[in-house]
Every structure is written in C-alpha cells, then in structure tokens.
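Here the structure comes first, spelled out in structure tokens, and everything after it is commentary.
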Amino acid sequence: MSGQFITVEGGEGAGKTTQLAFMREYLEQTGRRVVLTREPGGTPLGEEIRALLLGHRHDGMALATETLLMFAARAEHLERVIRPALAAGHWVLCDRFTDATYAYQGGGRGLPPERIAILEDWAQGALRPDLTLVFDVPVAVGLERAGRRSAADRFEREETAFFERIRAVYLDRVQRNPDRYRILDANRPVETVRAEVQILLAEWLERC
Ligand code: Z5A
1 MSGQFITVEG
11 GEGAGKTTQL
21 AFMREYLEQT
31 GRRVVLTREP
41 GGTPLGEEIR
51 ALLLGHRHDG
61 MALATETLLM
71 FAARAEHLER
81 VIRPALAAGH
91 WVLCDRFTDA
101 TYAYQGGGRG
111 LPPERIAILE
121 DWAQGALRPD
131 LTLVFDVPVA
141 VGLERAGRRS
151 AADRFEREET
161 AFFERIRAVY
171 LDRVQRNPDR
181 YRILDANRPV
191 ETVRAEVQIL
201 LAEWLERC
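Dropping the structure here:
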C-alpha cells in the first residue's frame, strides 16, 4: 500500500483544521497510517520559522524574506517529515503547502508566480501533492470565523482585497488542474462539509 500526499487549502477560517481531524480519523479507520502536519511548521525548526512569520515582531518583513522563510520551513519539512513518511508508506495530510505560497505571496502580495515556481522546483524536485482539497468560503464568512477563534496574526490583519485575491488564485488553480484539485463549498454546516470530504476520500481510496 503506497503513501499519498494530500494537502488542504483555503482562505482564513475555511474550516481546514476542523476537517483535517476528521480526515485523519477516517483514513486511520480504513487501515492507513497517517501523518498529520502543517505549514509553515511541522518540524521544530519550521515551528520557529512559523512564529517569526505569523507573529508581529517583524511586521513589514520584505516579501522576498517572507517567501524564502516559507520555503526554508518547507525544505526542512520535506526532508525530515514528508519524504520519510511517504517513503514508509504513510499518508501525509498537510494543512497548507505550496499552493498557499502561490495564493498568499503570489496573489495576495503580488510576487510573480514564476519566482515561486523556481523555488518550488528547487525545494521539492518533482514532488507535488497527489490530491489537494480546497475549502472555499466567502472572505467575510471566513474572517468572521477566524476572528471568533483567536487574535489576528500578521496575515489576518490584511484588508479584504488581499483575501479576495487569495481566493481568486485558489479558484484559478483548481480550474487549471481538475485532476489534482477538489473544491468544496465550505460555507455549509461542519457535518455537511464532512460528509462531502468523506465521499471524496472514499473515491480517492478507490483510485489508489
Ligand atoms: N501562509 C502563507 O502565506 N504562505 C504559505 O506558503 C503558507 C502559509 C504555507 C498560516 O496560519 C498562515 O500562513 C496563513 C497563510 C500563511 N494565513 N493566515 N492567517 P494558520 O495555519 O494559523 O491559519 P489558517 O491556515 O488560515 O487557519 P485558520 O484560520 O485556523 O483556518 P482553518 O483551519 O481553515 O479553520 P478552522 O480552524 O478549522 O475553523 C476556524 C473557526 O471556524 C473555528 O472556530 C471552527 O470551529 C469554525 N468552523 C469551522 N468550520 C465551520 C463551518 N463549516 N461552519 C461554521 N464554523 C466553522
């Protein structure tokens, strides 16, 4: 049984973390060994980088710095967690990955996607997620949910237009590569979204 690399994406408050817990439980019930992880983060060094990226000590950090830190955390994550887990036949569930760089640093902040593609090829080689679930929710709904949960991090303080650009990049990427991406309407009750996630995972299991 070979491992699969599944990433979960979407805007703020889309419900990724909520649904990932269910995804792990479901896949484990089917006998898969699952590694649940996140970006930026997922390793001790990566979590330190995450604190730099999300905290407010370095507000106004240069876009190149922000992007390279995302990829520094990702390189460590790939080397220490993702590649070994896949090689051992585990299923890796990752809360955000390189699609988030295209969406946030690319769409949100205006970094040309060609630059991101260079870093993607360098850090990942040929490795890409096997499946990416994109949880889509109107920006206002997602921000309201995220705001209820915790104080705003460095990204959540951005204006609405920033999040609209992010959403547009995700929708564009889904449209360009329907084989790898599945989009879910996340503006529905948790249980409804969960039922659709289960159907998608069951379909994916049949293909593997
Ligand atoms: N980032 C980047 O810029 N570039 C990159 O390359 C990468 C990341 C990898 C990570 O922060 C930040 O890093 C992120 C992008 C940037 N931007 N920010 N901020 P994070 O991991 O802390 O943030 P997040 O990924 O956006 O997660 P989130 O805000 O926690 O959202 P979520 O995981 O999608 O949602 P949730 O925690 O499951 O749910 C949020 C709340 O809504 C919670 O109270 C739930 O109970 C509730 N919820 C969930 N689902 C529903 C439904 N269906 N209905 C009603 N309420 C719900």
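The numbers in our numbering rise by one with no breaks, and the one at position 34 of the sequence shown is 34.
Glycine included, C-beta positions come from ideal geometry on N, C-alpha and C.
Spanning the alpha carbons of I6 and L127 requires a straight line of approximately 12 Å. Between the beta-carbon of G89 and that of R33 there is about 7 Å, and that keeps the pair under the 8 Å contact cut.
The C-alpha of F22 is placed about 21 Å away from the C-alpha of R148. The residue among P178, S2, Y170 with its C-alpha nearest the C-alpha of F97 is Y170.
The residues L86, G89, H90, W91, in chain order, have a CB closer than 6 Å to that of G3 in the same chain once the five nearest residues on each side in sequence are set aside. Here L54 has D153, R154 as same chain residues with Cβ atoms under 6 Å from its own Cβ, once five neighbours each way along the sequence are excluded. Within the segment 140 to 174, not a single complete alpha helix (DSSP H) segment reaches 4 residues in length. Counting only unbroken stretches of 3 or more residues, the beta strand (DSSP E) elements lying wholly within the segment 19 to 104 are 34 to 38, 91 to 95, in sequence order. Around the Cβ of H77, a 10 Å sphere holds 16 or more other Cβ atoms; the residue is buried. Apart from sequence neighbours up to five positions away, the residues of its chain that approach G110 with a beta-carbon distance below 8 Å are L63, ordered along the chain.
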